[in-house]
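Enquirer: Handing you this structure, nothing more for now.
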Amino acid sequence: MIMKFDSLTTAIADGKLESAVENVNLALKAGLNPQTIISDYLILGMEQIGQRFSEGKAYVPNLLMSGRAMKGCLEILRPLMIGEVSVSYGKVVIGTVKGDLHDIGKNLVATMFEGCGFEVINVGIDVSSDKFIEAVKENNADILCLSALLTTTMTYMEEVIKALDVAGLRQQVKVMIGGAPLSESFAKQIGADAYTSDANSAILKAKQLLGVA
Ligand code: B12
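Every letter in the sequence shown is one number past the one before it in the working numbering, and letter 39, counting from 1, is 890.
What follows is the structure in structure tokens.
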């Protein structure tokens, strides 16, 4: 019997942490895998609250509540996704660019990378180009992942790429970008190596970039 967990999507959209967590546990018990739970139910909930926000039917506190519910669910799912991967395909530095506080998608991408055998250095939110460069240098990163959810902050990505160039690091690190307002053509325009629209395709792309696919 296929069980639907639409109440999980609703709990996320309505910002109800306890109900969301309860429903995640039920979904796991019913045999759904963490990735399905995220892509078929949790992300839909975030999209619904985003839609309500753009229609003026929800406000910033509602976004925060949904974000909190989403994070609570990801905390349960993360350890289940990481597992016992012994290979290391490479090192990934990931962060949300300066001025931008959105981290749910970025953390999801980070978790997927970890779960798929990459070493991840998550430098957080509101990250300046100096901090990105320091992390790339210090960790000898293979990939730098930049995330932005705002049209006003996505432009900062170009500054990070230019700063990598100035620091002499551009040739040794691949730059991947992502976040709702971005696109393939924007990636080309700013000189990034790749754009992908979601966490699953990010892993595939990263492996291709490093020649380990
Ligand atoms: C939750 C949320 C918030 C929360 C964030 C909580 C948190 N800890 O992250 C809070 C309340 C803080 C917030 C604040 C604001 N927000 Co907001 N927020 C959202 C919302 C509803 C959901 C974002 C989200 O988490 N989505 C779920 C995740 C899983 O998806 P995702 O982030 O897109 O990530 C996926 C992909 O994009 C991709 N990806 C992401 N990063 C990367 C990186 C790489 C390298 C790769 C390869 C892929 C990748 O993979 C991820 C997984 O598949 C969106 C609406 C939306 N539909 O996007 C608005 C939205 C992004 N916010 C918006 C706005 C306007 C704001 C505020 C300015 C509101 C205000 N007036 O104060 C502030 C800005 C604060 C700041 N300086 O950053 C607008 C942006 C409009 C624009 N085009 O610029 C949106 C689109 C809402 C809207 N419809 O108007 N927000």
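Note that CB positions come from ideal geometry on N, CA and C, so glycine has one too.
1. What are the start and end residues of each continuous beta strand (DSSP E) run of 3 or more residues lying completely inside the stretch 931-969, in chain order?
2. Measuring only the C-alpha atoms, how far is M852 from A881?
3. Check whether the stretch 1041-1049 and the stretch 1020-1027 touch, using three or more Cβ-Cβ pairs below 8 Å as the test.
4. Give me the Cβ distance between M932 and G966, rounded to the nearest whole Å; I'm assuming they're in contact under 8 Å.
5. Quick one: what does DSSP say I863 is sitting in, helix, strand or coil?
6. Compute the distance between the beta-carbons of K949 and Y1007, then report whether it is under 8 Å.
7. Please list, in chain order, all residues of the same chain as S979 whose beta carbon is under 7 Å from its beta carbon, the five residues on each side excluded.
8. Based on Cα-Cα distance, which residue from P1032, G941, K1039 and N913 lies nearest to V971?
9. How is the beta strand (DSSP E) around V1026 delimited, first residue to last?
10. Within the continuous beta strand (DSSP E) that includes S1048, where are the two ends?
11. Residues in its own chain within less than 7 Å of G968 by CB, not counting five upstream and five downstream?
12. Kindly give me the distance between the Cβ atoms of M921 and L893, rounded to whole angstroms, as I take these residues to be in contact under 8 Å.
13. Identify whether V1011 lies in helix, strand or coil by the three-state DSSP scheme.
14. Just mark P885 as buried or exposed, buried being the case when its beta carbon has 16 or more other beta carbons within 10 Å.
Expert: Walking through what the data contain:
1. Fully enclosed beta strand (DSSP E) runs of 3 or longer: 942-948.
2. Indexing the sequence shown from 1 puts residue 852 at position 1. Indexing the sequence shown from 1 puts residue 881 at position 30. Residue placement at M852 is poorly supported in this model, since its pLDDT is 41, which falls under 50; the coordinates still yield a value, given next. M852 and A881 have their C-alpha atoms roughly 10 Å apart.
3. Three or more pairs of CB atoms, one per stretch, sit closer than 8 Å, so the stretch 1041-1049 contacts the stretch 1020-1027.
4. Here residue 932 corresponds to residue number 81 of the sequence shown, with the count starting at 1. Here residue 966 corresponds to residue number 115 of the sequence shown, with the count starting at 1. With 8 Å as the limit, M932 and G966 qualify as a contact, their Cβ atoms being about 4 Å apart.
5. Position 12 of the sequence shown, counting from 1, holds the residue named residue 863. Residue state, collapsed to three classes: helix.
6. Looking up residue 949 in the sequence shown gives position 98. Looking up residue 1007 in the sequence shown gives position 156. Contact: yes.
7. What you label residue 979 is simply residue 128 of the sequence shown in a count that begins at 1. Taking S979 as the centre and dropping the five residues before and after it, the same chain places the C-beta of K949 closer than 7 Å to its C-beta, in chain order.
8. If you number the sequence shown from 1, residue 971 lands on position 120. Of the residues P1032, G941, K1039 and N913, the one whose Cα lies closest to the Cα of V971 is G941.
9. Taking the sequence shown and counting its residues from 1, the one referred to as residue 1026 is at position 175. It spans K1025 to G1029 - the beta strand (DSSP E) in which V1026 sits, taken as one unbroken run.
10. As a working note, residue 1048 is residue 197 in the sequence shown. No beta strand (DSSP E) holds S1048; DSSP gives it neither H nor E.
11. Your numbering for residue 968 matches position 117 in the sequence shown. Cβ neighbours of G968 beyond the five flanking positions: V936, V938, S939 and Y940.
12. Numbered from 1 along the sequence shown, position 70 holds the residue referred to as residue 921. Numbered from 1 along the sequence shown, position 42 holds the residue referred to as residue 893. By a beta-carbon distance limit of 8 Å, M921 contacts L893. Their separation comes to about 6 Å.
13. If you number the sequence shown from 1, residue 1011 lands on position 160. Helix.
14. Position 34 of the sequence shown holds residue 885. Counting Cβ neighbours within 10 Å, P885 comes out buried, since at least 16 surround it.
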